[in-house]
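Protein chains in written order, with my numbering: chain A, 1 to 231; chain B, 1 to 309. Using N, Cα and C, we set each Cβ at its ideal position, and we do this for glycine too. None of these values were measured; they are calculated from a predicted model. Okay, so here's the structure we're looking at.
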Amino acid sequence: MPSAVSAPRETFGVAADRLALRVLGALRGPGDAVFVAEYVADTPDPLSCLAALRIVGSDSFAPHLLAGAPLRPQDTAAVSQALTAFRAGDGAPSDPYVAWRDWATARLLSLHNPRHPALPPPAQRPGSGEDWRGLSDALARLAPLALPVLDSPVHELARRSGRALARGLTRAMLRRDHPTAARLVRWLCLLPGPLPLDPLAALDHLDLHGVAGPRTALDLAIARLLREPVR
Amino acid sequence: MTAAPAVPGPVRDTARLLADRALSWLHANRRFGALPPGTTETLDDPDSTYKPLGESALAASLVLRDPHSGAGRRAAAQNLLDYLWEQFRAGDLLYERQLRHTLMTDPMETYSHFARAGYRHAELDRLLAHHSRLRSLRAVEVVPNRRLAVANAARVVGLAPLREDDWAALARATWLGAEPEPWAVDWMTAYHMTHTVFHLTDWSARPEGLPAPLAAYLHDWLPVWTDIWREVAQWDLLAELLIVGACLPEPYCDPGHWEALAGIQRPDGLVPRDGEPVTDDPEQRFHDHQHTVAVVTVAGTALAGRAGP
């Protein structure tokens with residue numbers, strides 16, 4: 001019997017997968033909007049949809065940032081609503097990964113429309129001072145930050161961690177952990193400069209193996225566009 | 001300020017203890033590796049006893065090569081080599097096999113482990129010198145890492161050495177030489193890669209024999225490969241990879257891996273080849289795990305040798 005705690009988590013996960021498919025469609029069809037506002041409005045379960053929007057977070061901006069898709073005010077309003085709907089009293093999530101992902105979403109909102117307030121960068125620096133495994137694990141959890149226009153201490157850490165990311169990617173691929181591999185190849189596709197391995201070959205390999213779910217497919221599609229921008 | 005040692009003291013001590021115990025096990029169980037009575041140069045099943053004898057000989061020869069090996073270790077290694085040499089009828093069997101099979105390389109490769117420790121067979125030396133002048137032998141079609149094995153055995157035996165650019169060309173022809181995508185490796189290819197390094201460096205004695213780009217490549221990816229094969233308890237391959245680490249110009253020796261191997265070593269020195277249960281039957285144990293114990297002897301000896309006294 002599903003417990004009261006796990007039930008919403010499952011529902012939110014399914015909703016996030018559905019939203020990821022929408023974002024993926026908009027990424028692949030240049031000019032298509034994600035229609036985030038409709039996604040939240042046209043549903044009997046708006047709570048799950050808002051949760052999904054917070055989970056997908058910054059990635060809902062990817063079609064706009066990478067494929068020229070329009071971003072409408074009602075869409076950003078829905079994202080903003082998702083960001084505030086689940087906040088605790090003082091507003092700061094205790095999980096540093098959640099805090100950083102929320103920061104990224106809020107930052108994109110404020111860049112798009114200054115009426116939306118940016119959040120201060122979280123004080124916690126995930127992964128700092130750790131070995132390549134800890135570092136790549138931490139950055140994999142922060143893959144939604146691997147988007148153009150964003151910059152932060154996490155990005156600075158990623159730029160210094162090309163080898164750790166490449167090792168983490170290699171480890172994930174050899175372990176058939178394709179979701180983690182997709183998150184790490186996304187960072188590697190964002191990084192400039194020489195890398196210890198060719199991220200495109202790894203990306204092609206992961207694409208050809210099929211993917212573990214819509215959010216992994218989204219990571220791979222974003223990685224591809226980071227490396228091979230739409231002209 | 002002095003630079004940190006390439007091999008930290010605690011890792012060196014762990015490696016040396018592992019190797020000491022493993023050598024003791026090889027010595028104590030040596031009779032299980034005896035060639036069957038009446039064995040001739042044709043060797044119906046070379047992998048069952050002939051090859052393991054060579055592996056134990058390699059391990060013992062490296063213990064004797066290390067100037068920092070203590071008296072007890074040296075005595076055990078010498079005694080083991082004496083026993084193994086006796087199994088080959090003081091080299092006669094290797095000579096007969098090489099005489100019978102001109103193009104086979106395993107007699108010379110096996111002989112090289114003994115030659116390293118000063119055991120010589122005059123007729124075999126003359127035969128090998130003759131073979132080394134034959135174009136036919138140089139042209140035998142073998143995969144590149146095997147060609148390196150033959151080249152290194154010839155070097156150890158003292159036959160005409162290759163030029164430096166010949167070694168570089170051989171290195172480039174291997175899988176490792178291509179600096180391949182590190183995620184596109186498999187279990188067997190990983191073993192082949194380790195042997196490329198062993199032969200280029202003569203089992204850690206000549207770290208400079210490894211071309212610099214390949215050393216840099218291995219520094220990038222050895223940590224990942226050791227991590228994933230340790231996770232699935234492939235102890236034999238982990239130990240082979242740790243030898244590779246000991247062969248690098250700047251040794252790679254993650255203390256966690258060495259402690260993991262020490263943690264699974266049995267009190268008698270046995271190190272199981274993988275995570276499967278170990279049989280109680282001593283003869284079967286020998287046949288199942290002798291390779292791993294020999295590899296661990298080589299690994300610990302090679303790393304401790306790089307660390308110095």
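V197(B): buried (16+ other C-beta within 10 angstroms of its C-beta) or exposed? In the second sequence, counting from the first residue as 1, residue 197(B) sits at position 197. Flag for V197(B) reads buried.
Between the segment 108 to 119 of chain B and the segment 156 to 164 of chain B, do at least 3 Cβ pairs fall closer than 8 Å? yes
Is A41(A) buried or exposed, if buried means 16 or more other CB atoms sit within 10 Å of its CB? Within the first sequence, the letter at position 41 stands for residue 41(A). Flag for A41(A) reads exposed.
In or out: L103(B) buried (at least 16 other Cβ within 10 Å) or exposed? If you number the second sequence from 1, residue 103(B) lands on position 103. Its Cβ having fewer than 16 others within 10 Å, L103(B) is exposed.
Taking 9 Å as the CB-CB limit, is W225(B) close to chain A? The residue you call residue 225(B) lines up with position 225 of the second sequence. By this cut-off, W225(B) is an interface position.
First and last residue of the alpha helix (DSSP H) that includes D102(A)? Here residue 102(A) is taken as the residue at index 102 of the first sequence, counted from 1. Taken as a continuous stretch (DSSP letters only), the alpha helix (DSSP H) holding D102(A) covers P96 to H112.
Simplified DSSP assignment, three categories, for G275(B): Position 275 of the second sequence, counted from the first residue, corresponds to residue 275(B). If DSSP states are grouped into helix, strand and coil, G275(B) belongs with coil.
List in chain order: all unbroken beta strand (DSSP E) runs of 3+ residues lying wholly within the segment 101 to 143 of chain B. none
Please state if the CB of P249(B) and the CB of L303(B) are separated by a distance shorter than 9 Å. What you label residue 303(B) is simply residue 303 of the second sequence in a count that begins at 1. What you label residue 249(B) is simply residue 249 of the second sequence in a count that begins at 1. Result no, Cβ atoms of L303(B) and P249(B) do not sit closer than 9 Å.
Please report the straight-line C-alpha distance between L65(A) and V56(A), rounded to a whole angstrom. Counting from 1 along the first sequence, the entry for residue 65(A) is found at position 65. Counting from 1 along the first sequence, the entry for residue 56(A) is found at position 56. Their Cα atoms are separated by approximately 15 Å.
How would you call H199(B), buried or exposed, if buried means at least 16 neighbouring beta carbons within 10 angstroms? Position 199 of the second sequence, counted from the start, is the residue given in the question as residue 199(B). Buried is the call here.
Between the CA atoms of V79(A) and N113(A) - distance to the nearest angstrom: Mapped onto the first sequence, residue 113(A) falls at position 113. Mapped onto the first sequence, residue 79(A) falls at position 79. Approximately 12 Å between the Cα atoms of the pair.
Using 8 Å for Cβ pairs, my map puts A140(A) next to R183(A). What's the rounded Cβ distance? Locating residue 140(A) in the first sequence gives position 140, counting from the first residue. Locating residue 183(A) in the first sequence gives position 183, counting from the first residue. Right, the Cβ-Cβ distance comes to about 4 Å (below 8 Å), so this counts as a contact.
DSSP state of T11(A) mapped onto helix, strand, coil: For the purposes of this step, residue 11(A) is taken as residue 11 along the first sequence, with counting starting at 1. Here T11(A) sits in helix by DSSP.
Could you check whether the Cβ of V11(B) sits closer than 9 Å to any Cβ belonging to chain A? Counting from one through the second sequence, the residue named residue 11(B) turns up at place 11. For V11(B), the answer is no, since every Cβ of chain A falls outside 9 Å of its Cβ.
Nearest-angstrom Cβ-Cβ length linking L23(B) and A76(B), presumed shorter than 8 Å: Looking up residue 23(B) in the second sequence gives position 23. Looking up residue 76(B) in the second sequence gives position 76. About 6 Å separates the two Cβ atoms, so the contact holds.
Range of the contiguous alpha helix (DSSP H) that encloses T189(B): Taking the first residue of the second sequence as position 1, residue 189(B) is located at position 189. Run containing T189(B): W187 to L200, per the alpha helix (DSSP H) assignment.
Start and end residues, alpha helix (DSSP H) containing H155(A): By one-based count along the first sequence, residue 155(A) stands at place 155. Here the alpha helix (DSSP H) through H155(A) covers P153 to R159.
Chain-ordered residues of the segment 35 to 52 of chain A with a beta carbon less than 9 Å from chain B: none
Assigned exposure category for R28(A) - 16 Cβ within 10 Å defines buried: To locate residue 28(A), count along the first sequence from 1; it is residue 28. Classification of R28(A): exposed, given that the 10 Å Cβ count is below 16.
Counting contacts by CB-CB distance shorter than 9 Å, is T180(A) in contact with chain B? Here residue 180(A) refers to the residue found at position 180 of the first sequence. Not an interface residue.
Taking only beta-carbon positions, decide if W132(A) is within less than 9 Å of chain B. Your numbering for residue 132(A) matches position 132 in the first sequence. Yes - at least one Cβ of chain B is within 9 Å of the one on W132(A).
Among H257(B), A71(B), S56(B) and G263(B), whose alpha-carbon lies nearest the alpha-carbon of F32(B)? For the purposes of this step, residue 32(B) is taken as residue 32 along the second sequence, with counting starting at 1. Comparing Cα positions, the closest option is S56(B).
How is A201(A) classed by DSSP in three states: helix, strand or coil? Position 201 of the first sequence holds residue 201(A). A201(A) falls in the helix class under three-state DSSP.
Buried or exposed: which applies to M188(B), given that a residue is buried once 16 or more other Cβ atoms fall within 10 Å of its Cβ? As a first step, residue 188(B) must be located in the second sequence, where it is residue number 188. Its Cβ having fewer than 16 others within 10 Å, M188(B) is exposed.
Spatially closest choice to L226(A) from M173(A), A143(A), G168(A) and V211(A), by CA coordinates: Against the first sequence, residue 226(A) aligns to sequence position 226. It is A143(A) whose Cα lies nearest to the Cα of L226(A).
What does T170(A) reach in chain B if we use C-beta pairs closer than 8 Å? The sequence position of residue 170(A) within the first sequence is 170, counting from 1. Simply P182, W183, W221 and V224.
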